[in-house]
Amino acid sequence: MSENQNLLAEQRRAMIVDEVRRRGGVRVNELTRKLGVSDMTVRRDLDALARQGVLEKVHGGAVPVMEASTHEPGFEAKSGLELSAKEDIAREAAGLVAPGSAIALSGGTTTYALAQHLLDVPDLTVVTNSVRVADVFHSAQRGGGKAQGAATVVLTGGVRTPSDSLVGPVADQAIGSLHFDVLFLGVHGISLEAGLSTPNLAEAETNRRLVQSARRVVVVADHTKWGTVGLSSFAALEQVDTWVTDAGLPAEVRAEISERVNRLVVTGDTTVEPGAGPDSGAPADI
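Counting from 841, one number per residue, gives the positions in the sequence shown under my numbering.
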């Protein structure tokens, strides 16, 4: 790779994580050559990524973190990862929301980013089990300014998870009595065998209720979620109408996904995916 001195720290660290995951480990001197930065810069990046829990530093380099299927990172730990991809996904997903819709937003850092793009959509009813998502709308409405859409926000009750979602019987009962035009769903992991999964058993049940209450299900998840499997599955890929992701998803995976979901949207890619159905385009359909 040519000199990359001007890469933002976020971009550089995302490339390091991708390299570690793809190769199963990488050495510092390999990263300095690939990224065109100093040894000290790479070591600082590895320190930061190790603190976030996304890789493990070893002598001379880094390896992936071997996480248990029950490991659940907190909101803050996840919020610093794949920022550019999440922003692109959120912007794309916001274009699927029609004024006057009743939508649901699950917990997660990508749905949190999406909420910020929905502040100007008029007459929305937003149901969420995410404290963070609800705060986006409430803070904007209290401050005036950008909240021209003046959404009606319904925050379910429940027990708070490390990712600041509300789950459990109280949330499940509230969600089960409602009906959404579309659910925007953040996920811990996606795979062919396990479908959509989470390390939190109570969250899995709450997510099942969200899926059951939605007319259409849109997954918003970056490419790093592919191949991750949590303790409990809550939906099959075939239950997903649309997956909005980023260009980091490998081409062979896109082909597999397109056989299972109605529509795969890759941000920045205008190619029509092989599996896209005839009703997969217009926001009004949602």
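Glycine residues also receive a C-beta, built at the ideal position from the N, C-alpha and C atoms.
Subject >> C-alpha distance - Val1106 paired with Lys1065, whole-angstrom precision >> reply: 14 Å
**OP:** Using three-state DSSP, classify Ala1054 as helix, strand or coil.
**Re:** strand
Original post:
On the three-state DSSP scale, how would you describe Val1069?
Top reply: coil
**OP:** Identify which residue in Ala1044, Ile1030, Val967, Phe1020 has its Cα closest to the Cα of Val1057.
**Re:** Phe1020
Original post:
If you scan the stretch 923 to 1010 from start to end, which runs of the alpha helix (DSSP H) of 4 or more residues do you find wholly inside it?
Top reply: 923 to 934, 949 to 957, 971 to 983
Original post:
Exposed or buried, which one is Asp887 when buried takes at least 16 other CB atoms within 10 Å?
Top reply: exposed
**OP:** Keeping to the same chain, check which residues put their C-beta closer than 7 Å to that of Ala1011; ignore five residues upstream and five downstream.
**Re:** Asn969, Thr996, Gly997, Gly998, Thr1046
**OP:** With DSSP as the reference, label Leu1025 as helix, strand or coil.
**Re:** strand
**OP:** Answer with buried or exposed for Thr1038, where buried requires no fewer than 16 other C-beta atoms within 10 angstroms of its C-beta.
**Re:** buried
Subject >> Pairwise C-alpha distance: Gly901 and Ser1073 >> reply: 34 Å
Original post:
Roughly how many whole angstroms lie between the Cα atoms of Thr1001 and Ile856?
Top reply: 29 Å
**OP:** Could you check which residue in Thr1082, Val1093, Ile1097, Gly1088 has the C-alpha nearest to that of Asp858?
**Re:** Gly1088
Subject >> Backbone secondary structure at Ser909 - three-state DSSP >> reply: Caution applies to Ser909, whose pLDDT of 48 falls short of 50 and renders its modelled position unreliable; the value that the coordinates give is listed next. Here Ser909 sits in coil by DSSP.
Original post:
For Ala902, which residues does DSSP report across the bridge?
Top reply: Val866, Lys897
Subject >> Alpha-carbon spacing of Val971 relative to Asp1004, whole angstroms >> reply: 6 Å
**OP:** Rounded to whole angstroms, what's the CA-CA distance from Ala987 to Pro962? Just pull it up for me.
**Re:** Its pLDDT being 48, under 50, Ala987 is placed unreliably by the model, and the measurement read from it follows with that caveat. So the alpha carbons of these two residues sit roughly 9 Å apart.
Original post:
Could you give the residue range of the alpha helix (DSSP H) that holds Thr881?
Top reply: 879 to 892
Original post:
What is the residue span of the alpha helix (DSSP H) that Arg1098 lies within?
Top reply: Residue identity check: residue 1098 is Ser in the sequence provided, not Arg. Run containing Ser1098: 1091 to 1098, per the alpha helix (DSSP H) assignment.
Subject >> Short Cβ contact (7 Å threshold) for Leu923 with Glu850 >> reply: yes
Original post:
Taking Cβ to Cβ, would you say Arg1103 is nearer than 7 Å to Glu1078?
Top reply: no
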